[in-house]
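First up is the structure itself, then whatever we jot down about it.
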Amino acid sequence: MRKWVIFAVFLAVVFGIIYYLTFGYYSEGKRGGFVTQLSNKGYLFKTYEGELRMGGLSEGDGTMNSSKWIFSVSAKNKDAIAKLEEAIQNGHRVSLTYEQKFFTLPWNGDTKFFVTNVEVLQGGRGSFPPAQVPAEPLPAPTEIDTNKVL
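Going by the working numbering, the first residue of the sequence shown is number 40, and it counts up by one from there.
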């Protein structure tokens, strides 16, 4: 009887570790940028795979560069998928909240980065804040006397 209890405890610990490694995560965070691609992939387990373009400056010469970040989204997360599709259509920036999994598993998608929430930010490609209109009109320009020598 005692060895069955030890065996049951051993199995519970092994299954607990496997469950945690499969469905748990060890890192979470946010990334922002423009979503340039979103596709539905998979033969048996359908997930959405996307690409986020993040801008930035290079360290040496100060030129602008763009890095891409590949992520996965569960097909069950309809709200996040709808927001991603809206951001692609309208060219809006997004902030993606993600969990980084231990392993790449077929039902989690092609990447270790699994998006859980999407926030669509105001503004888009090439958008600038509205122009400031002065409260009172500017004074009329004055004439310059060109006969005076400096």
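Glycine residues also receive a C-beta, built at the ideal position from the N, C-alpha and C atoms.
Contact between the region 63-70 and the region 132-141 is present, with at least three C-beta pairs closer than 8 Å. Leaving aside the five residues that flank lysine 107 on each side, the residues in its chain whose CB is nearer than 8 Å to its CB run, in chain order, Thr75, Glu90, Leu91, Arg92, Met93.
Scanning its chain for C-beta atoms nearer than 7 Å, with the 5 sequence neighbours on each side dropped, one finds around serine 134 the residues Lys69, Gly71, Glu158, Leu160, in chain order. Here glutamate 125 is actually not in contact with leucine 77; their C-beta atoms are around 11 Å apart, not less than 8 Å. In this structure, DSSP gives glutamate 90 an extended state, which the three-state scheme calls strand. In the displayed model, glutamate 175 falls within coil according to three-state DSSP, outside both helix and strand.
Burial is judged here by how many other beta carbons sit within 10 angstroms of a residue's own beta carbon; serine 111 has at least 16 and is buried. Inclusion of alanine 114 and lysine 85 in the CB contact set at 8 Å is warranted, their separation being smaller than that value. The beta carbon of isoleucine 56 sits closer than 8 Å to none of the beta carbons in its chain outside the five residues before and after it. Between the alpha carbons of valine 48 and histidine 131 lies a distance of about 52 Å. With respect to the 8 Å criterion, tyrosine 87 and isoleucine 109 are not classified as neighbours on the basis of their beta carbons.
Linking leucine 144 to leucine 60 through their CA atoms gives a straight-line distance of about 10 Å.
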